[in-house]
Amino acid sequence: MTRAGTYLPPAEALLAMSELFGVSINELLSGKRLSEAEYKEAAEENLKQTVKTSSFTLKDRTDFYKNKWLKEHRTIMILIGIGIVGVLLVGIILKNAWFVGTAFILLLLAHAWRNNTMMAYVEDNAFDGSGKYKSFGKNL
-19 MTRAGTYLPP AEALLAMSEL FGVSINELLS GKRLSEAEYK EAAEENLKQT
31 VKTSSFTLKD RTDFYKNKWL KEHRTIMILI GIGIVGVLLV GIILKNAWFV
81 GTAFILLLLA HAWRNNTMMA YVEDNAFDGS GKYKSFGKNL
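One point on numbering: in the working numbering, the residue at position 57 of the sequence shown is 37, and numbering is uninterrupted.
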């Protein structure tokens, strides 16, 4: 039992119950059968509750949410990178300094966007909005 009064069975027990009852772990944690539309939402909510009731340190939480954000936004970052490299190559091929300079400015803007949105996501999920670290459902 955690300090917040919630209990999460060990992972092995969840896996065994999931197999025994023929339901997903998300359905076990949600307490009901889930449709396809509800499944992703329930998975996200169950993940948030698990992280909130765990004893992860602040660094563990921020690292987790940074990696989660990076995985969710990998495609857009690759497309932005390809676009920037394309602008740079056009500048090099045409020997046009404007395109080369624009590519470097786009690189700086893309990095600023990535860092800002990622850290906002981390802050929204690792903290409770008051700037205090969430742990065991209580502020430290």
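For glycine and all other residues, C-beta sits at the position ideal for the given N, C-alpha and C. Keep in mind the model is a prediction, meaning the values are calculated, not measured.
- Within the same chain, and ignoring the five residues on either side of Asn6 in sequence, the residues whose Cβ sits closer than 6 Å to its Cβ are Ala22, Ala23 and Asn26.
- A residue is called buried once 16 or more other Cβ atoms fall within 10 Å of its Cβ, and Arg41 is buried on that count.
- In chain order, Leu8 place their CB closer than 7 Å to the CB of Met(-3), counting only its own chain and leaving out the 5 sequence neighbours on each side.
- For the pair Val80 and Gly66, the CB atoms are not nearer than the 9 Å cut-off.
- Per DSSP, Phe84 has no beta-bridge partner at all.
- Here Ala106 is actually not in contact with Leu(-5); their C-beta atoms are around 27 Å apart, not less than 8 Å.
- Burial state of Ala83 is buried, judged by a 10 Å Cβ sphere holding 16 or more other Cβ atoms.
- Rounded to whole angstroms, the separation of the alpha carbons of Glu52 and Asp43 is 14 Å.
- Judged by DSSP secondary structure, Arg13 falls outside any alpha helix (DSSP H); it is assigned neither H nor E.
- Per DSSP, Gly63 is one residue of the alpha helix (DSSP H) stretching across Arg54 to Ile73.
- Non-local beta-carbon contacts of Met57 in its own chain, meaning distances under 7 Å to residues more than five positions away in sequence, involve Arg94 in chain order.
- Taking C-beta separations shorter than 8 Å and ignoring five residues to either side along the sequence, the partners of Arg13 in its chain run Val3 and Glu7, following chain order.
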